[in-house]
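A.B. asks: Chains as they are written, first to last, in our numbering: chain A, 1 to 485; chain B, 1001 to 1091; chain C, 2001 to 2113.
My questions will all concern the structure given below.
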Amino acid sequence: MRETLRTRLGWLHGWFGYGAGLVLTCIFATGSVAVFNMEITRWMQPELRLTAPVQPGAPALDAAAHLVAAGQARGVSAFIALPSARSPTLDVLHYNGHEFVGARLDPATGAVIPARITAGGGLFYNFHHTLFLGPQVGTIIVNIAGMILLVAIISGVVIHLHALVPDIILLRLSTARLRAWLDAHLLMGVLFLPFMVMMAYTGVLVKADMIVPVTPRPAARSVQVPAPPPAPMPEMARVQLAPLLAQARASLAGQEPGFILFAPQRVSIFAGDASSAFLTRDHADFSLPEGRPLPVDTTATPIARTMQLMHGLHYARFAPPGLRWLYFLSGLCGTAVMASGLVLFVMKRRRHAGHRWAYRLADGLNVTVIAGLPAAMLAFLAGNRLVPASLTGREDWETGIFFTVWALCASHALFNTLRGQAHHAWRAQLGLVGLLGTSLPVIDLLCCPAAFHALPGLHMAVDGLGSGAAIMALYARHRLGRRGA
Amino acid sequence: MTFVLLLALWLATFMCHAALWSARYGLPTPGPTGQRLARMMRLGLPTGGLGLAVSIQGPVMGLLSWFAALSFAGLLAASLLAVGRRLANRP
Amino acid sequence: MWHKHTMQMRRINEPAPRTRPSDRRAHTARLNRNRVACAVVACLLAYGVARLLVAGIAAGAGGTDRVHLGQMIALLGLPVMVVVGFGAWKRHAGLLMVGACGCLAAGLILFAA
């Protein structure tokens, strides 16, 4: 075999792409869903039926400040998230090691809404950027995968360069199966190239300090040292937040306040992330307990602004609903590019290596990622409705359901593929996705009819997405049955 | 609404592109005037669309919408051409 | 264009050189070993150069802004360097190019010092 640039980069694209693609498919799939993380959390807390956000009143803000102070006394460092279009409640949140959880208050009265505790959309968000492996290890793995994605994209472009423009919309469905899969991979890969490059680059840039730190990283042991518990702040409960919020709104010109954070000597009111595409985190500071405004420098250099834009583009919190849907759909198409790449990698090697255990292992991992992950995600959503609302530690139960279903899918896929019955594994797991997806609207309607009535758009969207996944899975299963493995 | 317009502009652009590469896409070859027109539209429509998107939605949102329209219009065009070819080849 | 076309035709029409299957297997195994080694070296070298780039650009006055600029450039360059380091394999030209970038980055640090 002659070694040329194309064969060489083809090898790099295939092996790097497959190795990282298994992780990247999960990262892209959960990232796409995490675009709607707050909406999913609202769906998973059917007790919350507020439709539109209202400005928080003084009693509500005081009640929230009391909750923060109480948490601080227990050693829990919490902050206040103000109502927004995506989350109309006044939240007192703290980080539990995986996601932000806490009490939800009615912004008009300050009464705590007895909503069920849930892992919510935060599970997808957390899985997207740490794979649930913790903020250190997980983030580094995700960043390495992001970097490999960029390598795979560049090598893929070089391989396909001669036909990049002429074949940009070429899709031959009626040719050989391998050719059709390759066309689909190339079509979506080229068309969604700008989106994938943007997400991969901004994604690695968000955590650039972990990949290319300017100073040597601290030793792992020093990282493990737990932070000292926050000092109790008795002044916090005495401060009147409502006037401070009005002042902050005036000083954060054009930006709506989003969060209130407390420090021993000051309270900081931060601009909400939805204010602009630049994730500025501009803030107005006030002294505690008297509430005197403190000087804050909010000017940013061009490089800082560029960095803020990179963050903003990746998190997409500024995006209105239409653009959010485009992010979501583009993310799904990016996932499809990677999934088709995984399938192609295995298909290409079937004739020569189909009998080898490594090939079968790869096939099993493909089933686990492409069919098992959606099944686990749908089981997680269905689990939210089926786990009793008053169960203690129910967010752990929900998380447990997600990982247990996925682990079972992985075991089933590997058991079947290692015995040379990949076809059976695909069919069974696609059927499971179909079953879970079609049952999601039924379970939702049966368990929470009042919530469905109060927020029909939200419930129809989430249930509809579940049904859409089910239809696609059942169609794929039908095609698989007709054409064979 | 802007996005729908961008989508239509990109769809027309991709159709012009397919007409210019008629052999690859199994389409009838346009005449010299048609080719010139298709080439002009292929260049002009996305440029006009970009200007429109940036002026209506601002630079960041406009660029994001423009690229998203490119991607989805491309998918739509590819699907339309593939389905058309399949129908044409059906005995 | 004519030359390229003729070359392609020749490639198609010429009979493939006859090699025994065992020879072919050994050749493929050697090729794969070379590729893996080259990929590992390209990744490590590119990463080292990226770190040097960040350190070089961030060296001197400028604070966080210079660090961010360095990170933006390094993370943009890192995948390109991996592809170049691996792709341009003749006489290790790619690795030498990446190494030259590393020397430039080291020069930046020395210059700032």
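Built from N, CA and C at the ideal position, the CB exists for glycine as well.
Note that this is a predicted model, so its numbers are computed, not measured.
What does Arg266(A) pair with, by DSSP beta-bridge criteria?
C.D. replies: According to DSSP, which records beta bridges pairwise, Arg266(A) is partnered with Ala263(A) and Ser287(A).
A.B. asks: Specify, as a first and last residue, the run of the beta strand (DSSP E) that Asp297(A) falls within.
C.D. replies: Segment: none, Asp297(A) is in no beta strand (DSSP E) and carries neither H nor E.
A.B. asks: What does the alpha-carbon distance come out to for the pair Leu1006(B) and Leu332(A)?
C.D. replies: Using only the alpha carbons, I get a separation of about 21 angstroms.
A.B. asks: Can you name the start and end residues of the alpha helix (DSSP H) that Ile401(A) belongs to?
C.D. replies: Segment Arg394 to Leu418, the alpha helix (DSSP H) holding Ile401(A).
A.B. asks: Whose CA, out of Ser276(A), Pro293(A) and Leu288(A), lies closest to the CA of Arg305(A)?
C.D. replies: If we check each option's Cα against that of Arg305(A), Ser276(A) comes out closest.
A.B. asks: Tell me which residues of the segment 1020 to 1034 of chain B have at least one Cβ-Cβ distance to chain A shorter than 8 angstroms, keeping chain order.
C.D. replies: From the segment 1020 to 1034 of chain B, only Trp1021, Arg1024 and Tyr1025 have a Cβ closer than 8 angstroms to chain A.
A.B. asks: So, under 8 angstroms CB-CB, Leu205(A) and Leu2075(C) are touching, yes? Tell me the CB distance rounded to an integer number of Å.
C.D. replies: At roughly 6 angstroms, the Cβ-Cβ gap stays under 8 angstroms, so Leu205(A) and Leu2075(C) are in contact.
A.B. asks: Taking the straight line between their C-alpha atoms, what separation do you get for Ala379(A) and Leu9(A)?
C.D. replies: When rounded, the distance between both Cα atoms is 39 angstroms.
A.B. asks: Looking at the structure shown, is Phe132(A) part of a helix, part of a strand, or coil, going by DSSP?
C.D. replies: In this structure, Phe132(A) counts as coil in the three-state DSSP scheme.
A.B. asks: For Phe2086(C) and Gly2094(C), I'd like the C-alpha separation in whole angstroms.
C.D. replies: Spanning the two alpha carbons is a distance of roughly 6 angstroms.
A.B. asks: Determine whether the beta carbon atoms of Val190(A) and Ile159(A) lie at a separation below 8 angstroms.
C.D. replies: Not a contact, by the Cβ cut-off of 8 angstroms.
A.B. asks: Does the beta carbon of Arg2010(C) sit closer than 8 angstroms to a beta carbon anywhere in chain A?
C.D. replies: With a pLDDT of 46 at Arg2010(C), under the threshold of 50, the modelled position of that residue is not reliable, and the figure given next carries that caveat. Cβ-Cβ to chain A under 8 angstroms: no for Arg2010(C).
A.B. asks: Inspect the CB distances between the segment 41 to 60 of chain A and the segment 80 to 98 of chain A and report whether three or more fall short of 8 angstroms.
C.D. replies: In short, these stretches touch, since the Cβ pair count reaches three.
A.B. asks: Show which residues of chain B have a CB atom less than 7 angstroms away from the CB atom of Phe195(A).
C.D. replies: Per Cβ cutoff of 7 angstroms: Phe1067 and Ser1071.
A.B. asks: Along the segment 165 to 180 of chain A, where does the CB come closer than 9 angstroms to a CB of chain B? Name the residues.
C.D. replies: Taking 9 angstroms as the Cβ-Cβ cut-off against chain B, the residues of the segment 165 to 180 of chain A that qualify are Val165, Pro166, Asp167, Ile168, Ile169, Leu170, Leu171, Arg172, Leu173 and Ser174.
A.B. asks: For chain A, find out if any of its Cβ atoms is closer than 8 angstroms to the Cβ of Ser1004(B); answer yes or no.
C.D. replies: Here the sequence assigns Val to residue 1004(B), which means Ser is not the residue at that position. False, the Cβ-Cβ gap to chain A never drops below 8 angstroms.
A.B. asks: For Ala253(A) and chain C, any beta-carbon pair shorter than 8 angstroms?
C.D. replies: It does not: the Cβ of Ala253(A) has no partner Cβ on chain C nearer than 8 angstroms.
A.B. asks: Excluding sequence positions up to five away, which residues of its chain have a Cβ less than 6 angstroms from the Cβ of Gly2056(C)?
C.D. replies: For Gly2056(C), where only same-chain residues beyond five positions count, the Cβ hits under 6 angstroms are Ala2105, Leu2108 and Ile2109.
A.B. asks: Any idea what DSSP makes of Ala470(A), helix, strand or coil?
C.D. replies: Here Ala470(A) sits in helix by DSSP.
A.B. asks: List the residues of chain A that Ala2050(C) touches, going by C-beta distances under 7 angstroms, in chain order.
C.D. replies: Here the neighbours are Val212.
A.B. asks: Any beta carbon of chain A sitting closer than 8 angstroms to that of Gly2099(C)?
C.D. replies: Not closer than 8 angstroms to any Cβ of chain A, the Cβ of Gly2099(C) fails to qualify, so no.
A.B. asks: Less than 8 angstroms between the CB atoms is what I'm expecting for Phe192(A) and Gly420(A), so what's the real figure, rounded?
C.D. replies: With 8 angstroms as the limit, Phe192(A) and Gly420(A) do not qualify as a contact, their Cβ atoms being about 34 angstroms apart.
A.B. asks: Is Glu3(A) closer than 8 angstroms to Leu2132(C) when the C-beta atoms are compared?
C.D. replies: Because chain C in this structure spans residues 2001 to 2113, residue 2132(C) falls outside the shown range and cannot be described.
A.B. asks: So who's on the other strand from Arg2(A), going by DSSP bridges?
C.D. replies: Arg2(A) is not bridged to any residue.
A.B. asks: Terminal residues of the continuous beta strand (DSSP E) containing His94(A)?
C.D. replies: Segment Leu90 to Tyr95, the beta strand (DSSP E) holding His94(A).
A.B. asks: Might you give, ordered along the chain, the residues of its own chain that have their beta carbon closer than 6 angstroms to the beta carbon of Ala362(A), omitting 5 neighbours on each side?
C.D. replies: Excluding residues within five positions, the ones whose Cβ falls inside 6 angstroms are Val346.
A.B. asks: Would Ser268(A) pass as an interface residue toward chain C - the criterion being a Cβ-Cβ separation below 8 angstroms?
C.D. replies: By this cut-off, Ser268(A) is not an interface position.
A.B. asks: Taking Cβ-Cβ distances shorter than 8 angstroms, what residues in chain A pair up with Ala1018(B)?
C.D. replies: What Ala1018(B) touches in chain A: Ile169.
A.B. asks: Assess, as a yes-or-no matter, whether the segment 128 to 136 of chain A is touched by the segment 111 to 120 of chain A under the definition of 3 or more beta carbon pairs within less than 8 angstroms.
C.D. replies: Verdict: no, contact absent.
A.B. asks: How far does the beta strand (DSSP E) with Ile169(A) in it reach, from first residue to last?
C.D. replies: Unbroken run through Ile169(A): none, as it is neither H nor E.
A.B. asks: Evaluate contact between the segment 99 to 110 of chain A and the segment 55 to 64 of chain A, counting only Cβ atoms and requiring at least three cross-stretch pairs below 8 angstroms.
C.D. replies: Yes: the two stretches touch, three or more of their Cβ pairs being nearer than 8 angstroms.
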